[in-house]
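Report on the following structure.
There are 2 protein chains.
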Amino acid sequence: MTSNLIVGLETTFCQDLPSKLDKLYEERISCIVAPLFHPRFRRDANVISDNRDGPETRSDLVLDSRGWTSSVVGLLSTWVDFDSSCELIRLTAEKVFKQEIAWASHLSLAAVMTPSLHATRSNANYARLLNQAATQAQYTQFWVKVPLYYPGKFDEDDPSFVETWEGWNSLRSMCEYNSKIYVALEITADLPDKRILDRWLGEPIAAVIIPTEIFLTNKKGYPTLSKMHQKFFLQLFQHKIRYFIKGRPYHHGRYLPYVQYLEHLWSTRSSCSDAKADFEAPYLDYLQAPLQPLMDNLESQTYETFEQDPVKYQQYEIAITQALADTPKDKVSIVMVVGAGRGPLVRCSLRAAEKAQRTIKMYAVEKNPNAVITLRNMKISEKWDNVKIIASDMRVWKAPEKADIMVSELLGSFGDNELSPECLDGAQAFLHENGISIPCRYTSFVAPISSSKLWNEVKSLKSVQSTHLKNFETPYVVRLHQIYSFARPQPCFTFDHPNRDTIIDNRRFHQLSFEVQENGVLHGLAGYFDSVLYGDTCISINPETLDLSPGMFSWFPIFFPLRTPLQVREGDLIDVCFWRQVGGGKVWYEWTVGINNTNWSPIHNPNGRSYWIGL
Amino acid sequence: MTSNLIVGLETTFCQDLPSKLDKLYEERISCIVAPLFHPRFRRDANVISDNRDGPETRSDLVLDSRGWTSSVVGLLSTWVDFDSSCELIRLTAEKVFKQEIAWASHLSLAAVMTPSLHATRSNANYARLLNQAATQAQYTQFWVKVPLYYPGKFDEDDPSFVETWEGWNSLRSMCEYNSKIYVALEITADLPDKRILDRWLGEPIAAVIIPTEIFLTNKKGYPTLSKMHQKFFLQLFQHKIRYFIKGRPYHHGRYLPYVQYLEHLWSTRSSCSDAKADFEAPYLDYLQAPLQPLMDNLESQTYETFEQDPVKYQQYEIAITQALADTPKDKVSIVMVVGAGRGPLVRCSLRAAEKAQRTIKMYAVEKNPNAVITLRNMKISEKWDNVKIIASDMRVWKAPEKADIMVSELLGSFGDNELSPECLDGAQAFLHENGISIPCRYTSFVAPISSSKLWNEVKSLKSVQSTHLKNFETPYVVRLHQIYSFARPQPCFTFDHPNRDTIIDNRRFHQLSFEVQENGVLHGLAGYFDSVLYGDTCISINPETLDLSPGMFSWFPIFFPLRTPLQVREGDLIDVCFWRQVGGGKVWYEWTVGINNTNWSPIHNPNGRSYWIGL
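Protein chains in written order, with UniProt numbering: chain A, 1 to 615; chain B, 1 to 615.
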């Protein structure tokens, strides 16, 4: 989230940029989108040598390079037609495009804004030129102008109705999601359906263009936006976007009232100063490798982060309290914390015993020798007289007695993905036959999502050890932000503890089906989980049931990418197959996605070739 | 093309394999598909330890390993259900599958035949198991049984009608075209449309299963097949496939009459002993890198191959004869052969002059110093008194006089792809203003094709210098064989010579659209060309106009792969964009494909990053 609102102006050609910028600065406008060449300067592919005496456009000397880079976005000529069926017009367009890009690059502009897409054509030649330029560019970004609606086509039932997103989608697919290509979204007076607006939030929007015509006038004569527009802007404000006013200033020839209105709207954003939002802010759409808590020993810093969650341990405390009430009253209750880390669950249990007014005897089992040092220090400093510290892997420890309650926090973003099932199956050997496991159940959830941002992040991951294939067959822990979800999450795998099956088999296979409401591109699967700790005490990161543990921030969702994005259309069924496989000391997931039980993608991560969790 | 018909038998379980094989050998049956385990030997995933005393199946000692490998294909148990919604049934199926694959591998079987696909389910778990096994297998092939029709579903208008190809397509897509997975196509009494049959020819068919029930009985009481079946078999016979009879032998309990019938049908295959077929046989579906005649000097062997074409030089001779007749009669005609190679066009020209009864003076221009040695020797040995040998690049040579006729053979499989346009644009400097270029025009053609075989060949290309990406952005010269063409070829780029444009621009952009008749998978684009040599004398490798130069074999088609295969459906429009780009001493193609002006693939080979032809 940006902390500042940046407002600029899209303007016509102006010769004297410095004075224009100075004047605008007084109206709190800090940058402009301006044509690089005068629109009357036509060129022709058939002209070989140009014998003009006068210059083609204003000199690069009118601003210093810092001025160009920070204050000016170059607007490419719009009178060209890249995809004309007439070869001469097409070649002229190419010539103009290349000349202007070269000039923009000479000026070190941070971005150029490229012409609107043609409403009905493929824009294939446009895409080729853009892709070529974006591939060769050092740092210039390319902002493709896309209106929310094509002018005059507001009737969705009209067969000639074209969604502007479709053109953008074709263009960037042909450009293979080139990360230098962004959308400059032009707001229109009429807005499409909320679902269509939501879908734009999964796209890389660099700029939003706001024509002055779409503003209404309030009672006091000031510009304002419709409720629908306001809502959309509040969503846009969650992302890092620049805003450009465009068109005639109706209010006494000044832009300031428009800027002031936007600043006002900006100030009404929902206050994001709670602990969860603060914690999450730096992690939005940032990919992290899932933990390997069994293979690696967690670091002190990681424990510290998890211990900060204000909600999770409250829920544990409630659950342990409830569970204690359900254990036999006539004896000392044995509570074992398996995977005690630096002790938060030990403390929870001690507090719960006090609340439930029960005498307990505790074992804190921890395999990480570094964490054991902390635990042993705490036993002294916090006077844990009824707690025994056991430095052992819970899967092999021989307990001296059976536990009434076994408490653990071994869940990952996808529930079982940090191998809680395998750990607890081992640990339940020392759980009393009527004993309680906290958590007693957890379920993973899956939803198909669109996010060119995340897909591009995976694509751009580079490392000596990893390949493109490997990166696309690995799930990532990530605070999902710039995404569009095609459907509500559905449950995938469930595990219950203790597991009293004759043969414990933690392999799973689940097939899911999601109905698509809106055309789009499927980039991967979002994963969540919820868990019943005990009775009706739950924790959840499933967006549908966040109110089970509001404010909890210990887990971000998980993202399973698709190697190739899949185009989906309204009414399609997205079929998802998910496997949890176990073998050779490893656990891994495989996944595949089909559309309408056809168009299946390759099974991702077969035999755990790219990603696995070590037992 | 195989030179022998191999007939086998699909049989039920038999204990005594050697005597069975001996008996069948008398009926000219040389191999069998037989169950690896008795179908009554059920297993259960829930049973941990198996305390049986008797063996699970016959011993591996009944045959030596050569016998197993060459004579037996293992039939996996068919009573299993890999995609059952009941977990126990599914896990049992997995257990059985793995046990039987392990046994097949122990026996060194060349192939196993796997159960039929479920008609309506996704078969996703089946795919995962198969993919896992095929990835881990050393050499065993997996033949997936697919009937041409699902039994009892012959009515294509019935909404429940399922094309069996769809299930196969999903399965192999999930297995990412694993090259060890093949089709075992089971022929049914009713056959689907010819278009559906044709599509199978683009698939990797390892075996064809022929139930005895589908045979008719002729007047003499012998088995025979319907005309439709015969036609399809004659097409199948073009491919390397094994044939397995299956079911009760109705003819006096003997299979021999069936084998004899197949042998008879085999003998009626169109005789393929002409020069073209002989020449092409070793190259079917074999990928070759296109020539780089400007950057590399062709080898003697390459010239030799091209000179063998019996048709091409006939056509040139006719064209030169016609052209000579159209040059001024009152003077000696100047004929220049540009790119003379080892002289075939010089000879053509000399013969043509004789035919046309014209006096000519010739220049043979050749840049390859090695070929010049040959030419200079020929000038002496063949008494070319009126021929001057010029060791020079035609693009820079300063001619002492202007030519009436300029003859060249610089065309590639895609017409302009060996840079004929650039060469002739240079050479036309010494062509008389009314002079004639032979060829005077050439046009490339494009058709969208399905060929999992070719796509897999590209995928499996390995080289130190090339990457997966590079291989999929390179066109290949290849004698297309195992392909299905979605539509007839359409013209793409045309070049005319001499080129009298003010500014010569050999860049091209062409957009094509093909209507799909049948669901399928698009793997790439086939490229062809035709050329007007002079007047009405043409040469063509476009399959639609082969009769312009029948029997010519100098060029194979070209294949432009797609990085990701695209699923297409009946009624879809396949949009193809093709560019010819020129710059930096290079020429290259870029291409992209969309379905219904959406679902566009990335533009392949942007900026010629993977493939280009050097000027």
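A virtual CB, placed ideally from N, CA and C, is assigned to each residue, including glycine.
### Query
Does the distance from the CB of Met362(B) to the CB of Val337(B) come in under 9 angstroms?
Here residue 362(B) is taken as the residue at index 362 of the second sequence, counted from 1. Here residue 337(B) is taken as the residue at index 337 of the second sequence, counted from 1. It is a contact, given that the beta carbons lie within the stated cut-off.
### Message
For Val396(A), count the other beta carbons within 10 Å of its own beta carbon; 16 or more makes it buried, fewer makes it exposed. Which is it?
### Response
As a position in the first sequence, residue 396(A) is number 396, starting the count at 1. Exposed, because fewer than 16 other Cβ atoms sit within 10 Å of the Cβ of Val396(A).
### Query
When DSSP labels each residue in this structure, what does Pro159(B) get in the three-state scheme?
As a position in the second sequence, residue 159(B) is number 159, starting the count at 1. Low per-residue confidence applies at Pro159(B): pLDDT is 47, beneath 50, and the placement is therefore not dependable, though the value from the model is reported in the following sentence. If DSSP states are grouped into helix, strand and coil, Pro159(B) belongs with coil.
### Task
Return no unless some Cβ of chain B is closer than 9 angstroms to the Cβ of Thr598(A).
Residue mapping note: residue 598(A) aligns to position 598 of the first sequence, counting from 1. Yes, contact with chain B.
### Task
Output, in chain order, the set of chain B residues within a Cβ distance shorter than 9 angstroms of Ser170(A).
Numbered from its first residue, the first sequence carries residue 170(A) at position 170. By Cβ distance, chain B contributes Gly594, Asn597, Thr598, Asn599 and Trp600.
### Query
So is Gly54(B) buried or exposed if we call it buried at 16+ other beta carbons inside 10 Å?
As a first step, residue 54(B) must be located in the second sequence, where it is residue number 54. So Gly54(B) ends up on the exposed side.
### Query
Does the distance from the C-beta atom of Lys402(A) to that of Gly426(A) stay below 9 angstroms?
The count along the first sequence starts at 1 and reaches residue 402(A) at position 402. The count along the first sequence starts at 1 and reaches residue 426(A) at position 426. Taking a C-beta distance under 9 angstroms as the contact criterion, Lys402(A) and Gly426(A) do not qualify as a contact pair.
### Task
With distances taken Cα to Cα, identify the nearest neighbour of Gly608(A) among Thr545(A), Leu294(A), Asn471(A) and Gln567(A).
Within the first sequence, numbered from 1, the residue matching residue 608(A) stands at position 608. Of the listed residues, the one whose Cα sits closest to Gly608(A) is Asn471(A).
### Query
Gln567(B) CB to nearest chain A CB: under 9 angstroms?
Position 567 of the second sequence holds residue 567(B). By this cut-off, Gln567(B) is an interface position.
### Task
Tell me where the beta strand (DSSP E) around Lys379(A) begins and ends.
Your numbering for residue 379(A) matches position 379 in the first sequence. Not the beta strand (DSSP E): Lys379(A) falls in the alpha helix (DSSP H), residues Pro369 to Ser381.
#### Entry: Helix, strand or coil at Met1(B) [DSSP, three-state]
Taking the first residue of the second sequence as 1, we reach residue 1(B) at position 1. Its pLDDT being 42, under 50, Met1(B) is placed unreliably in this model, and the value from its coordinates should be taken loosely. Residue state, collapsed to three classes: coil.
### Task
With DSSP as the reference, please indicate the residues paired to Lys246(B) in a beta bridge.
The residue you call residue 246(B) lines up with position 246 of the second sequence. DSSP output for Lys246(B) lists Glu10(B) and Pro211(B) as bridge partner(s).
### Task
Quick one: grab the DSSP three-state call for Lys227(B).
Within the second sequence, the letter at position 227 stands for residue 227(B). Reduced to three states, the DSSP call for Lys227(B) is helix.
### Query
Are the C-beta atoms of Phe509(B) and some chain A residue less than 9 angstroms apart?
As a working note, residue 509(B) is residue 509 in the second sequence. For Phe509(B), a Cβ of chain A is located within less than 9 angstroms of the residue's own Cβ.
### Query
Among residues of its own chain, excluding the 5 on either side of Cys577(B), which ones have a beta-carbon nearer than 7 angstroms to its beta-carbon?
As a working mapping, residue 577(B) is identified with position 577 in the second sequence. Excluding sequence neighbours, Cys577(B) sits near Gln511, Trp591 and Thr592.
### Query
Just checking my contact of Val478(B) with Phe560(B) at CB under 8 angstroms: how many whole Å lie between their CB atoms?
Looking up residue 478(B) in the second sequence gives position 478. Looking up residue 560(B) in the second sequence gives position 560. Not a contact, Cβ separation roughly 11 angstroms.
### Task
Helix, strand or coil for Phe553(A), going by three-state DSSP, please let me know.
As a working note, residue 553(A) is residue 553 in the first sequence. In the structure shown, Phe553(A) sits in coil (DSSP, three-state: anything other than H, G, I, E or B).
### Query
On the three-pair Cβ rule with 8 angstroms, is the segment 281-298 of chain A touching the segment 32-47 of chain A?
no
### Task
Would you kindly check if the distance between the Cβ of Glu56(A) and the Cβ of Gly74(A) is under 9 angstroms?
In the first sequence, counting from the first residue as 1, residue 74(A) sits at position 74. In the first sequence, counting from the first residue as 1, residue 56(A) sits at position 56. No, Cβ-Cβ distance for Gly74(A) and Glu56(A) is not below 9 angstroms.
### Message
Please classify residue 648(A) as buried or exposed, where buried requires at least 16 other C-beta atoms within 10 Å of its C-beta.
### Response
Lying outside 1 to 615, the shown extent of chain A, residue 648(A) is not represented and no answer is given.
### CB contact flag (Gly524(B), Ile595(B), <9 angstroms)
What you label residue 524(B) is simply residue 524 of the second sequence in a count that begins at 1. What you label residue 595(B) is simply residue 595 of the second sequence in a count that begins at 1. Not in contact: Gly524(B) and Ile595(B) (Cβ atoms no closer than 9 angstroms).
### Query
Which residues, taken in chain order from the segment 115-136 of chain A, show a beta carbon closer than 9 angstroms to some beta carbon of chain B?
Thr120, Arg121, Ser122, Ala124, Asn125, Ala127, Arg128, Asn131, Gln132, Thr135 and Gln136
### Task
Inspect the beta-carbon positions of Leu5(B) and Trp266(B) and report whether they are closer than 9 angstroms.
For the purposes of this step, residue 5(B) is taken as residue 5 along the second sequence, with counting starting at 1. For the purposes of this step, residue 266(B) is taken as residue 266 along the second sequence, with counting starting at 1. In this structure, Trp266(B) lies closer than 9 angstroms to Leu5(B) by Cβ.
### Given Ile360(A) as reference, the closest of Leu345(A), Arg40(A) and Asn386(A) once Cα atoms are compared
Stepping through the first sequence from its first residue, residue 360(A) is reached at position 360. For the residues Leu345(A), Arg40(A) and Asn386(A), the minimum Cα distance to Ile360(A) belongs to Asn386(A).
### Task
Compare the C-beta of Trp612(B) against all C-beta atoms of chain A and say whether one is closer than 9 angstroms.
Taking the second sequence and counting its residues from 1, the one referred to as residue 612(B) is at position 612. By this cut-off, Trp612(B) is not an interface position.
### Task
With a threshold of 16 other CB atoms inside 10 Å of the CB of Ala102(B), please say whether the residue is buried or exposed.
Stepping through the second sequence from its first residue, residue 102(B) is reached at position 102. So Ala102(B) ends up on the exposed side.
### Nearest-angstrom Cβ-Cβ length linking Ile214(A) and Glu10(A), presumed shorter than 8 angstroms
In the first sequence, the residue the question calls residue 214(A) occupies position 214. In the first sequence, the residue the question calls residue 10(A) occupies position 10. Actually they do not touch by this definition, with Cβ atoms about 13 angstroms apart.
### Message
On the criterion of 16 or more Cβ atoms from any shown chain inside 10 Å, does Ser566(A) qualify as buried, or is it exposed?
### Response
As a working note, residue 566(A) is residue 566 in the first sequence. According to the sequence provided, residue 566(A) is Leu. The question's Ser does not apply to it. Burial call: buried.
### Task
Would you decide whether Asp575(B) is buried or exposed? Buried here means 16 or more other CB atoms lie within 10 Å of its CB.
Locating residue 575(B) in the second sequence gives position 575, counting from the first residue. It is buried - the Cβ of Asp575(B) has at least 16 other Cβ atoms within 10 Å.
### Message
Against Trp579(A), what residues of chain B qualify as contacts under a CB-to-CB distance less than 7 angstroms, listed in chain order?
### Response
Translated into the one-based positions of the first sequence, residue 579(A) becomes position 579. Those within 7 angstroms of Trp579(A) in chain B are Arg128.
### Query
Touch check for the segment 476-495 of chain A and the segment 64-72 of chain B: three-plus C-beta pairs under 8 angstroms?
no
### Message
Under 9 angstroms, Cβ to Cβ, is there at least one residue of chain A near Leu91(B)?
### Response
Residue 91(B) sits at position 91 when you count from the first residue of the second sequence. Output row for Leu91(B): interface = yes.
### Message
According to DSSP, is Trp591(B) part of a helix, a strand, or is it coil?
### Response
Translated into positions along the second sequence, residue 591(B) becomes position 591. Here Trp591(B) sits in strand by DSSP.
### Task
Look up Ile389(B) in the DSSP assignment and give the residues it is bridged to.
Counted from its first residue, the second sequence places residue 389(B) at position 389. Beta-bridge pairing links Ile389(B) to Ala364(B).
### Query
Is Gln301(B) buried or exposed, if buried means 16 or more other CB atoms sit within 10 Å of its CB?
As a first step, residue 301(B) is located in the second sequence; it is residue number 301 there, counting from the start. Answer is exposed; the Cβ neighbour count stays below 16.
### Query
Any C-beta of chain D sitting closer than 9 angstroms to the C-beta of Pro400(B)?
Among the protein chains in the structure shown, which are A and B, there is no chain D.
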